[in-house]
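What follows is a single structure, written as structure tokens, with notes after it.
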Amino acid sequence: MKTTLPECSLKIQAKLNFIVQQILDIAQDKIAMIILYGSFARGDWVRDLPNGYHSDTDILIILKKGQYKGYATLRLEDKIYKRLEKKGVINPKQIIPYDSLISIILESIDEVNRQLEKGRYFFTNIKKEGILYI
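Be aware that the sequence shown starts at 1, since it is given in UniProt numbering, and climbs by one per residue.
Okay, here's the thing in structure tokens:
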């Protein structure tokens, strides 16, 4: 897995560092890894506002223990989104937010490993193209 952004994605480096810090402030003791994946990790992101298309920032948070399932995971995810909203990183009131489309997925490390063993494309692709933050 990579550890640096592609050159064309460096413009979001400060934003990503801020997002990662906010996530760690909330749940550092629960997190095994934070991985950026998708178009910003690959460097093929799109920002085409006149036509209404904008790549989102995809983040996978891998939790240390499998106990964070169902409602506990949803609560943690909600807490993260509320923190990002409070800090002005996302603005749910905008119809098409310019710089605030963030998609976060939380999975336990056990589940990620199971899916990798099964060769599930989503997880193998993240392993291949993702950028490890912690």
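Glycine residues also receive a C-beta, built at the ideal position from the N, C-alpha and C atoms.
For secondary structure counted as the beta strand (DSSP E) over 3 or more consecutive residues, the region 9–84 holds these complete runs in sequence order: 31–37 and 57–63. The criterion of a C-beta distance shorter than 8 angstroms is not satisfied by Gln22 and Leu63. Per DSSP, Ile109 is one residue of the alpha helix (DSSP H) stretching across Ile109 to Glu117. Membership of Tyr133 in any alpha helix (DSSP H) is not indicated, and neither H nor E is assigned to it by DSSP. Apart from sequence neighbours up to five positions away, the residues of its chain that approach Val46 with a beta-carbon distance below 8 angstroms are Ser39, Tyr53, His54 and Ser55, ordered along the chain. Residue burial is scored here from C-beta neighbours: Ile80 has at least 16 other C-beta atoms within 10 angstroms and is therefore classed as buried.
The alpha-carbon separation between Ile131 and Gln13 amounts to approximately 12 angstroms.
In this structure, the beta-carbon distance from Leu60 to Tyr37 falls below 8 angstroms.
If you draw a straight line from the Cα of Lys30 to the Cα of Arg75, it is about 13 angstroms long. For Leu106, DSSP records a beta bridge to Ile61. In this structure, DSSP gives Lys2 an extended state, which the three-state scheme calls strand. A direct Cα-to-Cα measurement between Ala32 and Leu49 gives close to 35 angstroms.
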